[in-house]
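Here the structure comes first, spelled out in C-alpha cells, and everything after it is commentary.
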Amino acid sequence: MHETKTLKEIQVSNPYLSLDSEFYERVKPTPLVKPHLIHANKTVAKQLGIDEKELESDTFVKLLNGEFHFKGAEPFAMSYAGHQFGYFVPQLGDGRAINIGSINKLGLQLKGAGQTKYSRNGDGRAVLRSSIREYLMSEAMINLGIPSTLCLGIIGSEHGIYREKTETGAIVCRVSDSWVRFGTFEYFAAHGLYPELKALADHVIEENFPHLKGKADPYNLLFNEVLAKTARLMAQWMSVGFNHGVMNTDNMSITGVTIDYGPFAFLDDFHYQNICNHTDTKGRYAYINQPAVGKWNLQALMSAFSYLTPIEGLRQCLNFYDLGYVRYTHYYMTKKLGLERTTKNDPQLIEEMFNMLNTLQVDYTVFLRTLSHFEYKDNREELLKLGLYHEPMNSWLDKYDERIKDINATERKEQMLSNNPKYVLKNYMLQEAIDAAEKGDFSVVDDLFKIAQTPFDEHEAFERWAKPTPKAFKNQKLSCSS
Ligand code: AMP
Ligand code: MG
-16 MHETKTLKEI QVSNPYLSLD SEFYERVKPT PLVKPHLIHA NKTVAKQLGI
34 DEKELESDTF VKLLNGEFHF KGAEPFAMSY AGHQFGYFVP QLGDGRAINI
84 GSINKLGLQL KGAGQTKYSR NGDGRAVLRS SIREYLMSEA MINLGIPSTL
134 CLGIIGSEHG IYREKTETGA IVCRVSDSWV RFGTFEYFAA HGLYPELKAL
184 ADHVIEENFP HLKGKADPYN LLFNEVLAKT ARLMAQWMSV GFNHGVMNTD
234 NMSITGVTID YGPFAFLDDF HYQNICNHTD TKGRYAYINQ PAVGKWNLQA
284 LMSAFSYLTP IEGLRQCLNF YDLGYVRYTH YYMTKKLGLE RTTKNDPQLI
334 EEMFNMLNTL QVDYTVFLRT LSHFEYKDNR EELLKLGLYH EPMNSWLDKY
384 DERIKDINAT ERKEQMLSNN PKYVLKNYML QEAIDAAEKG DFSVVDDLFK
434 IAQTPFDEHE AFERWAKPTP KAFKNQKLSC SS
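Start counting the sequence shown at -16; every next residue gets the next number (the numbering used here).
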C-alpha cells in the first residue's frame, strides 16, 4: 500500500484505448522550450505511488513536458462534443490536453502539451497564468471537501505563446478518476454511433461505477448516479461560494468532479448575479444559475442516454434533481451554520441568510468565518460592520440567536470552524501569485498552495488574505483563456 516507485519503474495502463479508434487520436505531446519546475504536489504523488524524491528530478520535468514517457504509455487525446453557451457543437475534444496513462485507476493528462486533431484553430497550449490558476484551485477545492480533478505538478517555460499579448507556455499534469464528459456521450449520440455510445457507457461503468455491473437497466442507474453526484457538486459549489464560469456540457465530468478551471471565481462580495466570465454577457453561468444549469446539462446528457435506455425512466430520475439539490444544500448549510440537524424552519433561515447577504453584498467567506466565532447573544459589532447598513443582518441575527440558544456553544463553534474556511483562493490572490510568477518569483504560488491545503487553519503570516477583498480587486471578470 505504502510502496512507492520511481518514475522509471512505474507502469501505466490505458483502459480508454480498449475502445474503438473513433474515441480518440493517438498523439504525442509537443514539448515546451526550456521547461522548469514551478511546483509539485506531494499529496497527489503519494496517491499515485510516486516516490517523493522523484519530484525534484529532471525526469519529473521531462514527464510534465512530454519528453519522458512512463512504461506502457500510449498518449492520446479524447474526442467529445458539447453544448457551449446553450448551442450544440458536434466536434470538440482534447485540443490541448494529452492523456499519458492511468495509475491506480487515476488518469494522468498533460494540459497545454501541444496540438491534437481536435485543436481546431488553437495552438494546443496553456499560458502560465491559467495553469497556475488550475494548479492551485484544484488543490483548494479538494481540501474544501469538494470533488475535483487534481494536479500532480506544474512546469513553466520560455516558450512564447500569443494571446492578447505574448506570454509563456506552461503545462499542468492533471489527474482524475475519469476524463469522460457529458459531451463525450453527446458526441456519439449526435453522430448516430449507438454501439460506440453503449461501449462508452459500459466503459464508464467498468472504470467508475463497477457496482452497477450486472444490474437490471444499468444505464438508467448510471444516469441516476451521475445526476446525484451533479446535484451534490452544485450544492457544494453554492455553499462555498464558487462560481465556475463556463458550465458547458463538455466541462461537466461524468464522475461529478469539478473540471476545466477557467475564469472561475470564489465570490468576493456575496451576489446572486455574480458573473465571473467576461464573455458571458447574459449571465448564463452567473453564480445563482449554476444549479439550474447543472439540470439543463443533465437534460442534454439524458438525450444521449435515451439511445441506451427508455427516456421515461430517465425523466423520472431528472424529476428528482431539484429535491436532491435542495437536500444537499440543506445538509451543507446546516453544517456551516453550526446546527446539529436540519429542523423544520431551517430551510427558511438559510434562504433568509442568502437574501440578507445578497442585499448587503458582504464578503461571503469572511461573514461565515466571523459567524463561526459568534456566540449566543454575542456582541454583533464585528459582523454588522461587514455591511454598509445594519438592519437586514440584525434581524437575521435575531432569528439565528434564537435558533442556537440551546446548542452546545463549544460543539457549534468547532463544527463551524471546520466547515467555514478561513481562506479561499480569491481571484485577486491568484493574480498576485501570477504577477510574481511572471517575474520569475514563485513564492506566492508556494504560499497559496499552503493555504489551499489547509483552508480551515489559522495562518498568522497570511492574515491579510482572510480579510474582505480590497475594493479595487472585487468581482472582476476574467476571459476564457484565464
Ligand atoms: P475550455 O474552454 O478550456 O474548456 O476549452 C473548450 C474547447 O476548446 C476544448 O475542446 C479545448 O480543448 C479547446 N481549446 C481551448 N484552448 C485551446 C488551445 N489553446 N488550443 C487548442 N484547443 C483549445
Ligand atoms: Mg473544457
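We put the CB at the ideal spot given by N, CA and C, even for glycine.
Distances from the alpha-carbon of A28 to those of A449, S159, F192 and G307 put S159 closest. Contact check for F253 and V407: beta-carbon distance about 12 Å, past the 8 Å limit, so the pair fails to qualify.
In this structure, the C-beta of N234 approaches the ligand MG to less than 7 Å from one of its heavy atoms. Judged by DSSP secondary structure, V158 falls within the beta strand (DSSP E) whose first and last residues are T149 to S159. Taken in chain order, the complete alpha helix (DSSP H) segments of 4 residues or longer contained in the stretch 243 to 310 are 273 to 288 and 294 to 301.
Within a 10 Å sphere around the beta-carbon of H227 sit 16 or more other beta-carbons, which makes this residue buried. The closest CA to that of F439, considering only T353, Y359 and R108, is found on T353. DSSP places N82 in the strand class (E or B) of the three-state scheme.
Counting along the chain, the unbroken alpha helix (DSSP H) around S222 starts and ends at P201 to V223. Spatial neighbours of E179 in its own chain (CB-CB distance under 8 Å, excluding positions within 5 residues in sequence) are listed in chain order as L2, D3, E5, F6 and F171. Judged by pairs of C-beta atoms under 8 Å, the stretch 194 to 204 does not touch the stretch 98 to 108, as fewer than three such pairs exist. When rounded, the separation of the alpha-carbon atoms in E323 and R310 is 15 Å. By the neighbour-count criterion, in which a residue is buried when 16 or more other Cβ atoms sit within 10 angstroms of its Cβ, T149 is exposed. Taking the Cβ of C259 as the reference point, every heavy atom of the ligand AMP lies at 7 Å or farther away. Excluding five sequence positions before and after L210, the CB atoms of its chain that fall closer than 8 Å to its own CB belong to L281, C300, L301, F303, Y304 and G307, given in chain order. Residue ranges of uninterrupted alpha helix (DSSP H) with 4 or more members, entirely inside the stretch 305 to 380 and ordered along the chain, are 329 to 343, 347 to 355 and 364 to 367.
DSSP places A64 inside the beta strand (DSSP E), whose first and last residues are F59 to Q67. A distance below 8 Å between beta-carbons, with the five flanking residues on each side excluded, links G49 to the following residues of its chain, in chain order: K11, P12, T13, P14, P58, I81, I83, L93, A96, G97 and I154.
Proximity of the beta carbon of D243 to the ligand MG is indicated: a heavy atom of the ligand is located closer than 7 Å. For the stretch 398 to 449, the full-length alpha helix (DSSP H) segments reaching 4 residues or more read 410 to 421 and 426 to 436 along the chain. Not a single heavy atom of the ligand AMP lies less than 7 Å from the C-beta of C134.
For I138, the enclosing beta strand (DSSP E) starts and ends at L133 to G139.
Apart from the 5 residues on each side of it in sequence, A123 sits with its Cβ closer than 6 Å to the Cβ of L408 and A435 in its chain, given in chain order.
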